[in-house]
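Position one of the sequence shown corresponds to residue 225 (the numbering used here), numbered consecutively onward. Comments concern the structure below.
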Amino acid sequence: MMPALAPTVTLRDAVREAYSAAAADPEQRHQFPRGRELAANLGYPRHLLADLPEECVEAFCGVSNVPLFADLPGDEVVLDLGCGAGLDSLVAARRAAEVIGVDFSPAMIARARRARQRADAANVHFCMAAAEALPLRGASIDVVLVNGIFNLNPARDAIFAELARVTRPGAVVYAAEIVLREPLARLRRLFPGKRDEVPENPAGWFA
Ligand SMILES: C[S@@+](CC[C@H](N)C(=O)[O-])C[C@H]1O[C@@H](n2cnc3c(N)ncnc32)[C@H](O)[C@@H]1O
């Protein structure tokens, strides 16, 4: 019999490998959309994207435009959870005191750090860590941005517990996520032209 934890570990490794592969070579075919066109389609203004380092734009793989609607009057410490290549962190850094981007993919963090250097954003820090064990002090964060992480993680309770620990009382969490409302097999039948974009095996992407 398989140990109880096996599916979680397998999915976790698959997720990290998939996003690391996208960070290493965004132009290759991957199981999820990414890059400048995705960001523009999600509502990031093209002039803003043009002003950001290519390193973070071409490997962007979020599901919304969270930092655009986040209320950041200027003195906040922001956590960008699952920051990927760092696009949202760099956008938020223009309106916040400090931004900490966390991701468990070494390739994504390496890319985010290159983007940070190119943008000369001294108030942004990128840290390789798991969302379930954040290397942050308790009650140290004012605003959290989450642009697509929960559906990838079966251990959501641990992530929420960490968010509760690191946020200050009154902190705000802006989270965008993909929600699966019907079986993927049905979606594949409904949109035959989009079959390539709808994964065959939901277990790989929807925890
Ligand atoms: C859908 S992508 C979004 C990336 C980024 N927010 C963006 O908008 O481009 C999800 C990101 O979360 C990271 N991730 C997934 N699960 C994680 C976890 N448990 N801990 C840390 N990072 C995680 C992945 O490596 C990936 O970079």
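Backbone N, C-alpha and C define an ideal beta-carbon position, used for all residues, glycine too.
Residue i, enclosing beta strand (DSSP E) - first and last residue
i    : result
D295 : Run containing D295: none; DSSP gives neither H nor E here.
I365 : 365-371
F350 : 348-352
A399 : 391-400
L303 : 301-305
E322 : 322-327
Residues of its chain near residue i, where Cβ-Cβ distance is below 8 Å and the 5 sequence neighbours each way are ignored
i    : result
R240 : F328, S329
P393 : A363
E386 : A355, E356, A357, L358
D381 : none
L266 : G286, V287, S288, N289
Neighbourhood of residue i by C-beta distance below 7 Å, restricted to the same chain and skipping five residues each side
i    : result
D312 : G286, V290, P291, D304, L369, N371
P250 : R258, G259, E282, A283
A294 : A316, V367, L369, Y398
N347 : A317, A321, E322, V323
A248 : A331
A309 : A247, E279, C280, A283, F284, M332, R335, A336, A339
Nonlocal neighbours in the same chain, by C-beta distance under 6 Å from residue i, ignoring five residues either side
i    : result
E261 : none
A320 : L296, E300, V302
R342 : P277
A264 : R270
V396 : V367
I402 : V287, N375
Segment limits, alpha helix (DSSP H) that includes residue i
i    : result
L311 : 311-316
V281 : 278-281
H271 : 270-274
R360 : In the sequence under discussion, the amino acid at residue 360 is Leu, which differs from the Arg named in the question. Careful: L360 lies outside any alpha helix (DSSP H) and carries neither H nor E.
Q341 : 330-343
E356 : Where E356 is concerned, there is no enclosing alpha helix (DSSP H), given that its DSSP letter is neither H nor E.
N265 : 260-265
DSSP bridge partner residues for residue i (one or two, in chain order)
i    : result
V403 : Beta-bridge pairing links V403 to no other residue.
For the pair the stretch 335-344 and the stretch 270-277, tell me if three or more CB-CB distances fall below 8 Å. Pairwise C-beta distances place the stretch 335-344 in contact with the stretch 270-277, as three or more of them are shorter than 8 Å.
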